[in-house]
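Oh and the sequence shown: position 97 is 147 in the numbering used here, straight run, nothing missing.
Here the structure comes first, spelled out in structure tokens, and everything after it is commentary.
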Amino acid sequence: MAFCANCGAEASGRFCQKCGAPLGAAPGPGPTPAPPPPGVQPLPPPAAPGVSPSVGMTDNMAAALCYLFGFITGILFLVLAPYNQNREIRFHAFQSIFLNIAWVILWIAITIVLIPFRLIPFLGIFISLVLHTVVGLGGFILWLYLMFKTYNGEKIILPVVGPMADKQAGA
């Protein structure tokens with residue numbers, strides 16, 4: 051029975067099934083580690099100096115998630131430590147917060163403007179229903195668009211709230 055010269059595992063064929071080293075080749079630099087006892091998982095090798103291990107998620111995923119639950123996830127990503135240091139994630143978090151505040155203000159304004167129309171029995175209710183549906187569907191499509199484009203690494207700056215978010219993210 052053959053053993054791998056690199057990791058010490060049982061091996062057959064031309065390559066070690068555990069580490070992929072060619073059998074019959076000289077071991078890699080440094081001492082050969084002893085095989086771990088049965089049932090114990092070996093520890094991963096330490097990271098090279100100056101290289102930090104991956105923590106959390108990618109930047110584009112975190113930026114896209116800023117839009118997921120509106121201002122709640124926007125605030126969450128402004129508070130969480132590794133993400134609030136990144137300017138792009140901060141921009142998307144602020145844009146999400148400002149967009150949702152503007153969205154609530156728009157929804158309230160439409161509701162207030164349509165109050166007199168509700169006095170007209172069927173026409174007022176129909177106008178209110180259609181307008182709220184169109185605005186709601188438009189907001190839903192904008193929400194999906196922002197999350198999709200942000201996840202793909204594109205930076206979408208909305209007309210009014212985008213420059214405000216950019217200014218806050220840079221501060």
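Using N, Cα and C, we set each Cβ at its ideal position, and we do this for glycine too.
Quick caveat, the model's predicted, so the values are computed rather than measured.
Residue i versus residue j - alpha carbon distance
i: R140; j: L128; result: 6 Å
i: D109; j: F198; result: 14 Å
i: I122; j: L130; result: 12 Å
i: L187; j: E138; result: 27 Å
i: L126; j: Q145; result: 13 Å
i: W46; j: H182; result: This structure gives no information on residue 46, because the portion of the chain shown stretches from 51 to 221.
i: L118; j: A59; result: 46 Å
i: V185; j: N136; result: 32 Å
i: P132; j: E204; result: 21 Å
i: A219; j: F172; result: 47 Å
Cβ neighbours of residue i in the same chain (closer than 6 Å, five flanking residues each side left out)
i: A61; result: A52, C54, L73
i: N134; result: L128
i: M214; result: F148
i: G124; result: C116, A143, S146, I147
i: L164; result: S178
Proximity winner among the options, relative to residue i (alpha-carbon distances)
i: N150; options: M197, V211, H182, I162; result: V211
i: P217; options: A59, L173, H142; result: Checking the displayed sequence, the identity of residue 217 turns out to be Lys instead of Pro. With distances taken between Cα atoms, K217 lies closest to H142.
i: F190; options: V163, W153, Q91; result: W153
i: I160; options: V180, R64, F172, P171; result: V180
Cross-strand partners of residue i (DSSP beta bridge)
i: A52; result: A61
i: P72; result: F65
Spatial neighbours of residue i in its chain, beta-carbon cut-off 7 Å, leaving aside the 5 residues before and after
i: R168; result: G174, I175, S178
i: C66; result: C54, N56, C57, A59, L73
Closer than 7 Å: residue i CB and nearest the ligand ZN heavy atom
i: L118; result: Inclusion of the ligand ZN in the displayed structure is not the case, the ligand content being empty and no account of it being possible.
CB contact flag (residue i, residue j, <8 Å)
i: Y201; j: M107; result: no
i: I206; j: L196; result: yes
Residues of its chain near residue i, where Cβ-Cβ distance is below 8 Å and the 5 sequence neighbours each way are ignored
i: G63; result: L73
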